[in-house]
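A.B. asks:
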Amino acid sequence: MTWKQQIVKVFNNLGYDLRRYRPDTHSLARRKAQMKLYGVDLVIDVGANAGQFGEELRHNGYLGEIYSFEPLNDAFSVLESVASRSKDWRVKNCALGAERGTSIIHVSGNSFSSSLLDMLPSHEEAAPDSKYVRDQEIQVETLDDLLPEISQADRSIWLKIDTQGFEHQVISGAVKSLHRIHTIQMEISLTPLYSGALNIQEMITLMADHGYGIIDIEPEFCDQTTGRLLQANITFHRD
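So, in structure tokens, the structure goes:
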């Protein structure tokens, strides 16, 4: 075993990993290369929670505009504070869906597993802290209604959707806008986690029907006991 392998083994035993930061070994390096290739200058962040994705973009070197949506009041308060410290990052306290109106979102104990859909036992078993603890009434808008407000100019748009099973509803409310959006990154369940959510095969078919193909798959959420992958970030691109 070389000294490099020994160092890696030590970090692995401590629960950490050392990897080269390049597209073939690191998901963030791949995303950075993809965004550079497509000349992305506007990221629409749907389901922003406390701004984790936006902060990740900034740390990864993205300097363009970000527009984040988050319906949970507590998470939005943090998001608003985080975004205020970064140039060209706007936020809005609402969810996106298939039609405008009000709805009830189920708030999870860990916040980021909150959803407008009922959670299935498979999710709670894999992550007990995700159990719903209360409900909140929220405002729901559509991307078709809001995109002219976000940008009237011709932009290079990357759409990120992390809405815990509600992704197909977001797409349904954006069908008139998709011709302006070349790349869509979304978290998709590989096994049923939310009642009424489309499965991975259905989501891939839906995106293919809109002209999008897969360019990246990134593991996201797994069962810590079994190691089974439950959710992945899948990035779709339309030429």
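Numbering-wise (the UniProt record's numbering), the sequence shown opens with residue 1 and increments by one.
Where is the CB? At the ideal position from N, CA and C, for every residue including glycine.
Can you name the start and end residues of the alpha helix (DSSP H) that residue 28 belongs to?
C.D. replies: Its alpha helix (DSSP H) spans residues 27-37.
A.B. asks: Based on DSSP bridge pairs, tell me the residues matched to residue 102.
C.D. replies: DSSP, once it has assigned bridges, lists 139 as partnering residue 102.
A.B. asks: Measure the Cβ-Cβ separation of residue 217 and residue 203 and say whether it is below 8 Å.
C.D. replies: Going by C-beta atoms, residue 217 is not nearer than 8 Å to residue 203.
A.B. asks: Can you give me the Cβ contacts of residue 55 inside the same chain, cut-off strictly under 7 Å, excluding the 5 residues immediately before and after it?
C.D. replies: For residue 55, where only same-chain residues beyond five positions count, the Cβ hits under 7 Å are 82.
A.B. asks: In whole angstroms, give me the CA-to-CA distance for residue 47 and residue 13.
C.D. replies: If you take the alpha carbons of residue 47 and residue 13, they lie about 34 Å apart.
A.B. asks: Does the region 190-198 come close enough to the region 136-148 to have 3 or more Cβ pairs within less than 8 Å?
C.D. replies: Too few Cβ pairs lie closer than 8 Å, so no.
A.B. asks: Can you list, in chain order, the residues of its chain with a C-beta nearer than 6 Å to that of residue 91? Leave out the 5 residues immediately preceding and following it.
C.D. replies: Taken in chain order, the residues that qualify are 68, 79, 80 and 83.
A.B. asks: What distance in whole Å lies between the Cβ atoms of residue 49 and residue 130, which are believed to be in contact at a cut-off of 8 Å?
C.D. replies: Incorrect: roughly 13 Å between the Cβ atoms, too far for contact.
A.B. asks: Of the choices 171, 183, 205 and 227, whose alpha-carbon is the least far from that of residue 39?
C.D. replies: Residue 183 is the option with its Cα nearest to residue 39.
A.B. asks: Quick one: what's residue 107 bridged to in DSSP?
C.D. replies: Partner(s): 134.
A.B. asks: Count the other CB atoms, across all protein chains shown, that sit within 10 Å of the CB of residue 21; report buried if there are 16 or more and exposed otherwise.
C.D. replies: Label assigned to residue 21: exposed.
A.B. asks: Just verifying my parser: in three-state terms, what is the DSSP assignment at residue 54?
C.D. replies: Residue state, collapsed to three classes: helix.
A.B. asks: Using 10 angstroms around the beta-carbon of residue 159, count the other beta-carbons present and answer buried if the total reaches 16, otherwise exposed.
C.D. replies: By the 10 Å Cβ count, residue 159 comes out buried.
A.B. asks: State the CB to CB distance for the pair residue 97 and residue 170, rounded to an integer number of angstroms; the pair is presumed to be in contact (CB under 8 Å).
C.D. replies: Indeed, because the Cβ distance is near 6 Å, the residues count as touching under 8 Å.
A.B. asks: In its own chain, which residues sit with a C-beta less than 7 Å from the C-beta of residue 120, not counting the 5 before and 5 after it?
C.D. replies: These residues qualify, in order along the chain: 192, 193, 194 and 195.
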